[in-house]
Structure formats: C-alpha cells, structure tokens
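Undergrad: Protein chains in written order, with my numbering: chain D, 507 to 761; chain A, 542 to 809; chain Z, 1204 to 1470. Note that CB positions come from ideal geometry on N, CA and C, so glycine has one too.
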Amino acid sequence: MNNLLSHARRARGLLLPALLVAAWEVASHQGASQAYAFVPLSVIGQGLTELIRNGDLLISTLASLQRTCIGLLIGVIAGLLVGAAMALSAIAERLLAPLYHMLRQVPILGLIPLIALWFGSQEGAKLLIVSLAAFYPMTLNTFEGFTHIDRRYREVARVLEWNTWQVFTQVLLPGALRSIANGILHALAFAWVSSVGSELFLSTGSGLGNLMMNAEAGARMEIVVIGVVCIGLMGYAMNQLFSRLTRHLLRWRDI
Amino acid sequence: MNASLDQRWLASTSHSPGALQIRELSKHYLLDGQPMEVLKGIDLRVKPGEFVSIVGASGCGKSSLLRLIAGLESDYSGDMQLDGKAITTTSLERGIVFQDHRLFPWKTVAQNIAIALKRSPLTRQEKALRVAEHIRLVNLQGFENAYPHQLSGGMAQRAAIARALITQPKLLLLDEPFGALDALTRISMQRELQRIWVQHRSTMIMVTHDVEEALYLGDRVIVMDARPGRIKYEIDVDLPHPRERHAPRLQELKEILLTELAGSDADK
Amino acid sequence: MISTASAVIGSRVSVGHRMLALTWLISPLLLLATWALVAASGHYSAQLLIPPADVWHTFKDLLHSGELLEGAAFSLRRLASGFVLGASGGLLFGAALALSKTVEVYCAPMFHVLRQVPSIALIPMFILVFGVEETFKVLLVTKAVFFPVALATSEGIKAIPRSHFEVARLYRLPRYSLLLDVVFPAAAPPILTGLRVGLTRAWMVLVAAELLAADSGLGQMIEMGRQMMRIDVVMVGVITIGLIGFVLDSSLRLLERRLFRWKAIKE
C-alpha cells in the first residue's frame, strides 16, 4: 500500500518532463522555421544510434574523461601541496596566498585565450586549464581543512609530546581529511566542466565539447542534445560515485 | 516600583482573565505505527485569574498538555473550553512562553514584541505605545533596539513574556519558562513574574520541574505522572501573594510534594 | 605620563602591523619584477611575453578610447538583465518548491535533474535555438543564476526551524506577514549565498559565451585580441574580468555582513 503510494508519487514527478518532451515533439513538427532547433525525438534516436555505432560518442566521452582525470590528478596534488604549505607555514602563506587569490579572481574559461596564445591549442593547453580548475577548490579546501582543526586535538598532541611528523599524521591529516575529500569533490566538478568547456574553445583533438561544437556548426541539434545529456549524466555519475566512495572510506568520521 | 507607570499600564488593560475547563482529555501519537498514549483522562478546571503550576517527571506529557491548550496540537479526544468556547486552534486569547525564548533573531526586541500585534486593529501609534508599555512592564527599557543575540538569557525571556502578554490574553501558558536560566536569574525572574501576574491578573498555567518555583508562584500545584500522562495529585497553596520565598508553610508543602514525586519515580 | 607611554607603544604596534601587512605584497612584486626582467632579456619574442609596462600603456589607451568601458558596459548589461531574471525566477520557484507540496511532487525531480547540466555545455544548444544575439547570452546568464538561487531558497526555507512557524501560528500572522517577517528573513542568509554563487557562475559563463560568439563585450574584446595576436589586449581584458568578478563578489559579501548583523555570534 505504502509502496504503491510512493510509486504514484514518483510517477507524478515524471508528468512535467513528459509534457515538456511532448511539447518539444509537437514543436518539431511545426514547419521548417523551428525544425532545426526542435528536432523530432526520432531524429535524436537515430543520431544516438549513429553516434554509438560509429564510436564517436564513446571516443569523445573517453577523451573528455581522460583529460578530466589527468587534470584532476595534477590539480589535486598541486592543490594539496600549496594548500598544506599555506596552512602550515606562515612564510609560505605570505608568499603564496596573494598570488593564489589574485589568479583565482579570473573566471577559468576567461584564461583560455591567454593560455591558447602561450601554449597553443593542443592537449597541453587543455590539461593546464583542467588542472587549474581543479587546483583552485583543492587548495582552498586543503587550507581550510588544516587551519580549522579543533585546538583541543593539538593540545592533546602537545600533552603527549609528539614530534612534528606524529602531529601531522595523527592529528592534522585525519582532521583535515573531510575537508580535503570535499575539495576533491568540488575539483572533480570543476575539472569536468572545464574539460568540456576547453573543448568548446580549442577545436583540435576530440571530446564531447568538440562533438557538440562540430554539431552546432552543422546545425545538428540532435547531436548537441545528446552531448548535453551525456555531459550532465557523466557529471552526476562521477559526483555520486565519488561522494559514495568518500562516505565509505571516511565512515569512521562522524558527519 | 514605579507607581505612575503601573497606573498607566493598568489603565490600558481592559481584558478579563479566562476560565479554563478540561474534561476527559486524551492524546496519543503514532510511533512506528504503534499508538503511544501521552495524555489520558485529564480533568482540569482553572478559575479566572488563578495561577496553576504543573510539576512532574520528564515524559509525563506536561508540555504536550500546554501545547494542546495553546492550540498547537490538534486531534485529541475530550473537551477543552476557554470561557465556554471550544479550543480548536491557536488564538490570541491564549498566550504561551516557551523554555527557549523563540524571539526572531532578525528582529529587535521592540519589533519582536510588536509582531504579536499584527492582527490588532490598533493604529501605528497605539501599537508603539503598547509596545513601550510592555517593555516597561518587563523592565527592558533601553533595549528596545537590541537584537536577541545581544541579550542575556533572562532578558530574552522577559522579551518573550512581553510578547506573550501584549495581546492581553485571557490565559497565559508558561512551559518551563525559566528552565534554561541560571539559579540567580531564575529567582529574580520568578519575582518579576509574580509582580506581573499580580498587576496583570491573567489566568496562568506554568509547567516546571522546579518544585520550589511551582509552590512560590502557584495558587495550586498539580503533580502529573508519566506513561500515560495523567494527573496524580493536587495541592492548594493557601498563602496570599506576594509571598515570602522561605515561608515555613511553603517548606511543609515542598516536603509533601517531593514525597509524591519520589513515589511516581519509584513506580518506573 | 603613562598614557603617552602607552600611546607610543600603541603607535609602534600599529606601525609594526602595517609593516607586516606590507609583506603580503612581496610575492606579487617579485612576480612583476621577474616578468619585467624576463621580458627585457629578449629570450622570448615580445609578441608572446610582453613587458608589464606595455600592458599598462594598452590599459590606459583602451580606457581613454572608451573601448574598455564600452566592452565592460555591454557585458555588465547582459549580466544584470540575466541576473534579475534568473534571481527573481529562482526566488519564486525555490519558495514554491519549499512551501507547496504540490509543486514539490511535480517539479522537484525535473529540477534536480536539470540542475546537473553545466551551463557551459548549454552554449552550443542555446546558440542553435536562440541564435548568437543577445537572447542567447541573457538566457544563459538567467540559467546560471536560476538554479543556485532556487536551490538555496528552497533549502533555506526548508531549514527554518519549526518553532519559528509555531510562533507565527500563535500570533496568527497573516500570510503576507508570514512570508515577509518570518520566511524570507530566516532564509535570507542562504539565499544571499545562493545569489553570490549564481553571480560568480553567471559571470564566468557570460565571459565564455562572449568569447565564443559576440560582437561586443569584454569577452569579444579578448577574442579579437587573440585573433590579432595582441597579447597586451588579451591581458588587459583578462585582468578587467578578474577585477569585475572580484568587485561583484566582494560587494555581495559586504552586503551579507551588513544585512545579517543580527546573526553575529557571541564569542
């Protein structure tokens, strides 16, 4: 009974999307002026099978994904180092913080023209953008994780007369872990968006962004729609995967 | 105390205390699909202008009783009437003060008190005058424009009392109003409340876990028992107000009450 | 005597503080100096590594010719229209989502799916549907603002403690007063944070859209600079974008501190 009710509820949530899809379908049959913007569902379906069959979708997704992963790795490592250095050393903070906060003000995609002029529009330039996008939130969260550790824990360490290494591994690192995990989650989202974003601007190579830009140039709305859905789904899936993973790994921490 | 201020205060109060009648009141919640009886067969009559204290172990449903009378909880069985009118929902005739002051943190003291007058037909100036009067009544002059976070616990609770009284309710309910205050503040607040009650002459019902407080303020003290919540014992405090805190009669009554309460604890 | 002594100590402390604050400038100045030196050494072509002085001249030129201000004005106008649309829509929808069971049941699933789609990914789609004119850019900004604001509003309202609503019921507040005196002030801090997040994202997306397809605005100025290999113009544009973003964000932060003084936590 309860189960039935909750199913009915969920079904009501599908009503609005269904109506919108229906409206889309109707709009697509309203003559030539809108035909290129609102393509019929059947065309989207054909586009999807075509993209799957010729492997374009897989290749593009993997290319974007690979760039996201490498950039994420670079950005996370750099962010961890810089964030921890700024948090643990006053001198490092004095020197690094002003540069970091200055650079951070520029929207990451706004840097693309500059990066393109300096480093060309090859894979290296894109990786730099993705790494930077991951680096910003990672640094901030690492810094906050290390600086917001409860003073009482540090005092315990002092009472027990631990050395610096022990304090770092026993107090600072575990204390900052949740914030660091949060930073990786943010970094992941930014890396994914900027990976796709960089492909929109730098047309060499492959990726979901390139797929969409080419489709836009050819007015292939169905491929653009598939690209958008794919980007949203992948972003959501990675977010879920990672937040479940951290919840599992950090289950010893109270939330 | 400032006699001329009190005169003006009394002049503007034109309300009459209410009579509360409760018959066979029962209430249950559903806990994991299982009915949980919170209150069972409560019978209570409160005379106009009377001060009734309710004490009891935690979980005896005394707070639920107040919430029911305030109209914050619905679906009960039995009968509750204030001056012959059945209680179905909240009403400006019944005010309540909680243990936490429940002032809106984004409003100043004066604004918090004024919010109770949203439904009032008074003009702007009349409302401002009434707010000023009530700020004086609870001795918060000079703090009209302070925000709740700037007040001490006792001051915040005074503001809450002023807010509850400004609608001139026939009945004021107090749910452990001083429970969160330190011992010294609590004693001075009890004295203040006694003074306000003598001035204001509303009917008041106060829930507390402090037996001394119950005796010091109440015309009558009701002891409640838990699982299901019911009235176990009743005692009349036959002393005139204002009272002396250390009156021997209060001490005697306290012994009796403590024995009763200990008995209800031993039942568990 | 004592007071003058303490005054002297006091001023010495504040001078010390000021000196210490100056140390924050060490690394930016070092960076600037290195940049100037490397550029002057001639190892790299001036087209790629332009001396800082030249960037400064270009900045002044662009400022005096009015090009910079005109570009900024175009960008900011788009940002403002999209922001107003997105923020008011997000506010209304978020409130409806939190306060009405019906709206929640019918709209929440779709809302939570749609907000997963990054604004950037929508650029090609919006270009196809709306063309490369103003509509596309304003709507992109609207989208970027709408979702964070709607989410913050709905979660902010849902997080209001029940006790606040009980007080409203006790004093029988009329519906307008419930919204004006209780719901919005209580949810205002998270809503303002949502507005701030939305503004930051909108600014980024707008610049991106202008880089890809525009005939005016700061993004277009940068893109033109890139195509003509004018790295000085690009740098001036990038710095201006950063400055505008910083000013927008800081002013909202300032507003937050101003508005929510009632929130000040007792230390």
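Determine the closest residue to G713(D) out of Q676(D), R658(D), V545(D) and L564(D), with distance taken between C-alpha atoms.
TA: Minimum Cα distance to G713(D) is reached at L564(D).
Undergrad: Does R790(A) pass the burial test, meaning 16 or more other C-beta atoms within 10 Å, or should it be called exposed?
TA: R790(A) is exposed by the Cβ-count criterion.
Undergrad: To the nearest angstrom, how far is the alpha carbon of I610(A) from that of L715(A)?
TA: Roughly 11 Å between the two C-alpha positions.
Undergrad: So for K809(A), helix, strand or coil by DSSP?
TA: For K809(A), the predicted structure reports a pLDDT of 42, less than 50, and the residue's modelled location is therefore unreliable. The matter cannot be settled from this model.
Undergrad: Would T649(A) and Y688(A) be called neighbours here (beta carbons separated by less than 9 Å)?
TA: Closer than 9 Å, so yes.
Undergrad: Here's the rule: buried if 16 or more other CB atoms are within 10 angstroms of the residue's CB, otherwise exposed. What is S1244(Z)?
TA: S1244(Z) should be labelled exposed.
Undergrad: Do you know how far the Cα of G1334(Z) is from the Cα of K1340(Z)?
TA: Their backbone Cα atoms lie some 10 Å apart in a straight line.
Undergrad: Given that a residue counts as buried once 16 or more other Cβ atoms are within 10 Å of its Cβ, and exposed if not, what is Q731(A)?
TA: Looking at its Cβ environment, which holds 16 or more other Cβ atoms inside 10 Å, Q731(A) is buried.
Undergrad: Looking at chain D, which residues of the region 1307 to 1339 of chain Z have a Cβ within less than 7 Å of any of its Cβ atoms?
TA: Residues passing the 7 Å Cβ filter: V1308, Y1309, C1310, A1311, P1312, M1313, Q1319, V1320, P1321, I1323, A1324, L1325, I1326, P1327, M1328, I1330, L1331 and V1332.
Undergrad: Closer than 8 Å between beta carbons: that is the criterion. Which residues of the region 639 to 654 of chain A meet it against chain Z?
TA: Within the region 639 to 654 of chain A, the qualifying residues are F639, D641, R643, F645, P646, W647 and K648.
Undergrad: Which one of Q1430(Z), M1313(Z) and K1361(Z) has the shortest CA to CA distance from L525(D)?
TA: It is M1313(Z).
Undergrad: My output table needs one value for Q572(D): the three-state DSSP class, helix, strand or coil.
TA: Three-state result, Q572(D): helix.
Undergrad: Do three or more CB pairs link the region 700 to 711 of chain A to the region 720 to 727 of chain A at distances below 8 Å?
TA: No, the region 700 to 711 of chain A is not in contact with the region 720 to 727 of chain A.
Undergrad: What does G741(D) touch in chain Z if you count any residue whose Cβ is under 9 Å from its own?
TA: Chain Z residues near G741(D): Q1319, V1320, P1321 and A1324.
Undergrad: For E565(A), count neighbouring C-beta atoms within 10 Å of its own C-beta (all shown protein chains included) and say buried if the count is 16 or more, exposed if not.
TA: Flag for E565(A) reads exposed.
Undergrad: Counting contacts by CB-CB distance shorter than 9 Å, is E1273(Z) in contact with chain A?
TA: No, E1273(Z) lies away from the interface with chain A (no Cβ there is under 9 Å from its Cβ).
Undergrad: Measuring alpha carbon to alpha carbon, tell me which residue in I1229(Z), K1466(Z) and L1252(Z) is nearest A1390(Z).
TA: Nearest of I1229(Z), K1466(Z) and L1252(Z) to A1390(Z), Cα basis: K1466(Z).
Undergrad: State the start and end residues of the unbroken beta strand (DSSP E) segment that holds R1280(Z).
TA: Here R1280(Z) belongs to no beta strand (DSSP E); instead the alpha helix (DSSP H) covers E1270 to L1302.
Undergrad: Which same chain residues, not among the five before or five after I633(D), have their C-beta less than 8 Å away from its C-beta?
TA: Before going on, a small fix: residue 633(D) reads as Leu here, not Ile. Cβ neighbours of L633(D) beyond the five flanking positions: R573, I576, G577 and I580.
Undergrad: For I618(D), count neighbouring Cβ atoms within 10 angstroms of its own Cβ and tell me buried if that reaches 16, exposed if not.
TA: Counting Cβ neighbours within 10 Å, I618(D) comes out buried, since at least 16 surround it.
Undergrad: Quick check: T645(D) and M608(D), are their CB atoms within less than 9 Å of each other?
TA: Cβ distance not < 9 Å, so T645(D) and M608(D) don't count as in contact.
Undergrad: List the residues of chain Z that M608(D) touches, going by C-beta distances under 7 Å, in chain order.
TA: What M608(D) touches in chain Z: P1231.
Undergrad: Please tell me whether T1188(Z) and G1289(Z) are closer than 9 Å, where the distance is taken between their beta carbons.
TA: What is shown of chain Z runs 1204 to 1470, which leaves residue 1188(Z) out entirely.
Undergrad: For the alpha helix (DSSP H) holding I746(A), just list the boundary residues, first then last.
TA: It is not in any alpha helix (DSSP H) - I746(A) instead sits in the beta strand (DSSP E) that spans T744 to V748.
Undergrad: Between the Cα of F1350(Z) and those of L1279(Z), L1252(Z), S1453(Z) and I1394(Z), spot the shortest distance and give me the residue it belongs to.
TA: Among L1279(Z), L1252(Z), S1453(Z) and I1394(Z), the Cα nearest to that of F1350(Z) is on I1394(Z).
Undergrad: In the DSSP assignment, find the unbroken beta strand (DSSP E) run with K773(A) in it and report its ends.
TA: First-last of the beta strand (DSSP E) with K773(A): R771 to D777.
Undergrad: To the nearest angstrom, report how far apart L533(D) and A725(D) are at their CA atoms.
TA: It should be noted that the sequence gives Ala, not Leu, for residue 533(D). Going from the Cα of A533(D) to the Cα of A725(D) covers about 17 Å.
Undergrad: What are the residues of the region 1250 to 1261 of chain Z that lie near chain D, defined by any Cβ-Cβ distance shorter than 7 Å?
TA: Within the region 1250 to 1261 of chain Z, the qualifying residues are L1251.
Undergrad: Here's a check: name, in chain order, each residue in its chain whose Cβ is nearer than 7 Å to the Cβ of F1286(Z), leaving out the five neighbours to either side.
TA: V1344, V1348, L1402 and A1405, listed in sequence order.
Undergrad: Mind listing which residues of the region 652 to 684 of chain A have their C-beta closer than 9 Å to chain Z's C-betas, in chain order?
TA: Hits within the stretch, in order: Q652, I656, A657, L658, K659 and R660.
Undergrad: Taking the alpha-carbon positions, what's the V527(D) to V545(D) distance?
TA: Their Cα atoms are separated by approximately 11 Å.
Undergrad: Let me know if V1241(Z) comes out buried or exposed under the rule of 16 or more other beta-carbons within 10 Å of its beta-carbon.
TA: Under this definition V1241(Z) is an exposed residue.
Undergrad: Cβ closer than 7 Å: which chain D residues qualify as neighbours of R1429(Z)?
TA: Within chain D, the residues near R1429(Z) are P619, A622 and L623.
Undergrad: Thinking C-alpha only, which one of M621(A), L644(A), Y617(A) and K795(A) is nearest V579(A)?
TA: Checking every option, the nearest Cα to that of V579(A) belongs to Y617(A).
Undergrad: Please report the straight-line C-alpha distance between Q740(A) and P576(A), rounded to a whole angstrom.
TA: Looking at the two C-alpha atoms, the distance is approximately 43 Å.
Undergrad: Using 8 Å as the Cβ pair cut-off and three pairs as the minimum, do the region 543 to 558 of chain D and the region 675 to 694 of chain D touch?
TA: Segments in contact, no.
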